[in-house]
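Protein chains in written order, with this note's numbering: chain S, 78 to 734; chain A, 236 to 521. Using N, Cα and C, we set each Cβ at its ideal position, and we do this for glycine too. Data block below; observations after.
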């Protein structure tokens with residue numbers, strides 16, 4: 078209990094302290110200290126809680142009363158703040174303030190009228206939320222550390238300076254925008270801790286809305302018109318989810334059937350009682366996780382500074398959506414609503430994987446791949462067996478680590494080479510070996526054996542084929558997964574191909590990676606490896622206790638599978654190979670004569686140019702395949718939007734009838 | 236895990252390339268006969284590779300050798316998993332990694348020919364990957380297990396139940412063996428538009444690694460094909476497998492090369508029409 082309150086409150090206080098820092102150097106120091114403290118607390122929590130069932134916490138009457146009022150006042154204040162931001166909307170964004178008013182109205186209606194359900198346990202800890210807390214504190218913390226230097230450069234660049242200078246010795250007062258930026262980051266961390274530990278749905282909803290606010294503010298951060306429009310789009314789409322969430326709470330207060338405000342009671346209601354509120358909350362989860370038809374806000378969010386994309390729009394906030402879906406997963410088991418939810422995830426996975434092939438902008442590739450992977454997790458959540466929940470939780474873990482690494486590495490690369498175009502990253506292995514190695518590890522972690530994402534897919538296949546909702550359901554999902562994985566393989570590999578290509582002309586001199594960024598990147602690279610090597614530990618420590626507890630309550634069938642030790646051994650051999658081969662190569666590199674690449678024997682300047690027709694010297698150019706004529710992005714998006722929209726409509730109608 | 240399984244696994248590491256080389260030799264001989272030529276000795280591929288090791292190795296970048304090690308390593312791991320009787324899906328994943336390393340080696344050299352070759356190779360991987368994944372899924376639905384040892388001791392009817400999957404797999408086998416009409420990524424004839432595709436800038440012992448890797452791959456693919464008929468026992472299953480395998484040579488010699496887009500469309504169509512339909516209908520034919 079104390080650790081939970083520490084994580085939530087300390088993040089908030091740290092945010093205030095950081096915002097109040099007198100100099101840039103002091104601010105950087107406070108950020109590092111706070112991140113360290115949060116990471117330590119989360120690890121402590123993990124050690125205390127690993128391999129154990131959930132614990133629920135009751136609060137004293139007086140405290141509960143005060144907190145109830147505080148959260149309600151906070152909710153109203155939040156709505157007021159959002160409405161105040163809405164003074165900058167365009168006429169066609171009229172729906173945003175309407176949604177804010179509707180949502181707040183619904184919440185007040187639920188809170189002020191009618192009989193309130195008794196709330197015995199407003200907070201809880203279980204092994205799944207501990208794992209989430211570890212991700213938030215450690216991955217999120219590392220991203221904050223990366224942001225220290227990144228924002229320093231970013232602001233210097235925005236102010237027109239060429240050289241940013243050292244962070245630590247900087248004596249100038251931090252700009253208001255910088256202080257606010259870090260305050261919002263830490264406020265966001267506090268809200269995320271709130272989401273994963275709150276059992277009281279009303280409080281959970283408040284934290285949920287705080288993350289929406291943070292996301293909106295951070296996307297609009299740069300203040301350009303594009304950023305502000307994209308910020309409002311993110312706000313609008315998340316508010317649709319918010320209204321749906323509020324409607325679920327109203328249903329749970331005034332509706333027939335289940336009368337509770339507690340998450341665990343809701344899940345315990347099972348599909349007979351809890352399906353309607355669960356489906357309503359699922360819509361909120363889908364919008365937060367940027368699933369189609371809501372996906373476009375996440376792509377717009379890529380205008381934000383890269384650490385924001387890494388923290389909110391890939392590693393943590395979008396995970397809140399799938400977090401709640403996995404929590405509700407037992408309710409969806411064996412229902413048509415669950416199958417439709419899985420299909421929404423599946424269609425999103427397939428469509429966005431195909432679209433990602435088209436993209437040249439590295440951040441957009443990462444964004445589409447994020448949506449795709451979240452789609453995969455949604456697929457699992459909709460099935461709702463022990464095996465799919467296992468897969469989904471591991472996917473969250475591996476994706477958070479590897480994607481954070483990739484985003485930050487792309488951000489650093491952009492500062493080093495001045496571009497985020499994949500074609501411009503040609504030869505990065507030779508130009509910037511360290512950063513290229515990190516990018517490669519991140520990509521391997523995203524889609525190749527023996528890394529974790531693949532383990533997740535493996536389990537998905539097995540779990541889908543064991544489904545039993547209707548004829549051909551599992552086959553359908555497995556086939557979607559098979560077809561979606563193929564383009565994934567294509568776009569990652571061709572990007573890797575660009576990185577490993579030997580540059581045709583001599584590499585320019587290199588500035589080192591700044592220290593704070595290097596710390597974050599190295600740690601995340603190590604984490605990607607460690608998470609993969611030690612996944613059995615994560616499994617027994619955090620995932621199995623969670624599914625076993627649900628099984629002991631009779632909510633899901635007992636987990637009947639285990640990774641055979643032989644599979645784990647084979648995976649370890651592969652991982653060891655991936656580690657030892659470069660080592661062996663580095664220790665004893667084969668000495669072969671180096672020549673220029675083959676240009677039909679007409680090379681002029683090494684591999685860079687050749688003697689073409691009429692004896693003219695021509696530069697060699699070759700680009701990757703983006704299949705833009707073969708796969709039309711617009712068509713794919715339209716198919717995905719209409720398909721997922723229809724599925725979601727069916728899901729809502731089906732649950733209500 | 237029985238000692239028998241272990242011995243099969245290690246036997247693959249030693250004998251896999253031998254079998255693969257023989258298959259390649261017979262392939263060349265058959266091709267020659269179809270073209271009314273006499274053809275080289277059966278062991279010609281082995282002679283070729285031994286000669287490659289004698290030659291000087293020229294590289295564009297030293298790192299290309301590292302990627303080729305990765306290619307060979309994961310190829311061996313994939314076959315080891317298969318012949319150990321372990322997880323078929325895991326074996327496929329390792330095979331995929333291996334293919335990607337080969338592409339990386341070609342990308343690393345960065346000549347336009349290698350570039351096009353590896354891009355096309357990736358395209359082919361995208362084309363055959365869904366169907367190859369459906370194969371273990373089909374076996375899983377029939378035998379309730381991804382384990383090769385369970386598949387081998389499965390029901391003798393499984394090849395009938397999985398007829399669609401088998402057709403789809405044979406189609407992808409043509410791509411996997413880089414046979415015409417799908418030899419887009421590297422051709423056997425160096426004078427075409429993409430020269431030698433992915434292997435353009437590989438020479439000497441580097442090229443030998445690629446060849447040995449392909450021998451391993453031949454054995455692995457033969458093993459996959461064998462699985463369909465395995466419950467009938469080796470005396471019936473093995474001849475059928477070998478005959479089907481060499482039917483690919485006939486396809487190779489009677490077809491002209493397709494473009495990548497028609498390859499992609501055709502393979503995904505085959506996957507849906509034969510593979511997915513088969514999986515969906517399985518509940519009715521078991």
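(1) Please name the residues in the segment 431–452 of chain S whose beta-carbon is closer than 7 Å to at least one beta-carbon of chain A, in chain order.
(2) Residue 198 of chain S to residue 82 of chain S, Cα distance in whole Å?
(3) Can you have a look at residue 286 of chain S and say buried or exposed, based on whether 16 or more other CB atoms are within 10 angstroms of its CB?
(4) DSSP state of residue 696 of chain S, grouped into three classes?
(5) Give the residues from the segment 641–662 of chain S that approach chain A closer than 9 Å (Cβ to any Cβ), ordered along the chain.
(6) Mind checking if residue 321 of chain A is an interface residue toward chain S, Cβ cutoff 8 Å exclusive?
(7) Does the segment 384–391 of chain S come close enough to the segment 214–232 of chain S that 3 or more CB-CB pairs lie under 8 Å?
(8) Any beta carbon of chain S sitting closer than 8 Å to that of residue 342 of chain A?
(9) Checking contacts by CB at 8 Å: is residue 298 of chain A closer than that to chain S?
(10) Evaluate residue 421 of chain A with the Cβ neighbour count: other Cβ atoms within 10 Å of its Cβ, from every protein chain shown; 16 or more gives buried, anything less gives exposed.
(11) Could you pull out every residue in the same chain whose Cβ sits closer than 6 Å to the Cβ of residue 713 of chain S, ignoring the five residues on either side in sequence?
(12) Less than 6 Å between C-beta atoms, sequence neighbours within five positions excluded: which residues of the same chain meet that for residue 315 of chain S?
(13) Please look up how many angstroms separate the CB atoms of residue 231 of chain S and residue 594 of chain S, rounded, as I've assumed it's under 8 Å.
(14) Using the DSSP secondary-structure output, state which residues sit across from residue 382 of chain A in a beta bridge.
(15) Measuring only between beta-carbons, confirm whether residue 671 of chain S sits less than 8 Å from chain A.
(16) Going by DSSP, name the residue or residues bridged to residue 528 of chain S.
(17) What's the gap between the Cα of residue 396 of chain A and the Cα of residue 458 of chain A?
(18) How close, in whole Å, do the beta carbons of residue 512 of chain S and residue 490 of chain S come, if the pair is a contact with beta carbons under 8 Å?
(19) I'd like to know if residue 42 of chain S contacts chain A, where contact means its C-beta is closer than 8 Å to some C-beta of that chain.
(20) Starting from residue 577 of chain S, find everything on chain A with Cβ-Cβ shorter than 8 Å and list it in chain order.
(21) Buried or exposed: where does residue 407 of chain S fall if 16 or more other Cβ atoms within 10 Å of its Cβ makes it buried?
(22) Determine whether the beta carbon atoms of residue 181 of chain S and residue 150 of chain S lie at a separation below 8 Å.
(23) Do three or more CB pairs link the segment 436–449 of chain A to the segment 387–402 of chain A at distances below 8 Å?
(24) Would you kindly work out how many angstroms separate the C-alpha atoms of residue 342 of chain S and residue 551 of chain S, rounded to a whole number?
(25) List the residues of chain S whose Cβ lies closer than 7 Å to the Cβ of residue 485 of chain A, in chain order.
(26) Using a cut-off of 7 Å between C-beta atoms, extract the partners of residue 347 of chain A located in chain S.
(27) If we count the other Cβ atoms within 10 Å of its Cβ and call it buried at 16 or more, is residue 369 of chain S buried or exposed?
(28) Could you spell out where the alpha helix (DSSP H) holding residue 487 of chain S opens and where it closes?
(29) Please classify residue 259 of chain A as buried or exposed, where buried requires at least 16 neighbouring CB atoms within 10 angstroms.
(30) Strictly below 7 Å CB to CB, what residues from chain A border residue 560 of chain S?
(31) Contact criterion: CB-CB distance below 8 Å. Does residue 665 of chain S meet it with respect to chain A?
(32) What is the C-beta distance between residue 187 of chain S and residue 326 of chain S, in whole angstroms, given that I count them as a contact (C-beta under 8 Å)?
(33) At what residues does the beta strand (DSSP E) containing residue 134 of chain S begin and finish?
(34) Check whether the Cβ of residue 418 of chain A lies closer than 8 Å to any Cβ atom in chain S.
(35) Note down, in chain order, every chain S residue with its Cβ under 9 Å from the Cβ of residue 292 of chain A.
Well, looking at it:
(1) none
(2) 14 Å
(3) buried
(4) strand
(5) 641, 643, 644, 647, 648, 650, 651, 654, 655, 658, 659, 661, 662
(6) yes
(7) yes
(8) yes
(9) yes
(10) buried
(11) 428, 431, 432
(12) 289, 364
(13) Not really, about 12 Å apart at Cβ, beyond 8 Å.
(14) A:322
(15) yes
(16) Residue 528 of chain S is not bridged to any residue.
(17) 19 Å
(18) 6 Å
(19) With chain S covering only 78 through 734, there is no way to say anything about residue 42 of chain S.
(20) 298, 302, 339, 342, 343
(21) buried
(22) no
(23) no
(24) 29 Å
(25) Ordered by position in chain S, no residue passes the 7 Å Cβ test against residue 485 of chain A, which lies about 28 Å from the chain.
(26) 697, 699
(27) buried
(28) 463–494
(29) buried
(30) 365
(31) no
(32) 5 Å
(33) 132–134
(34) no
(35) 667, 669, 670
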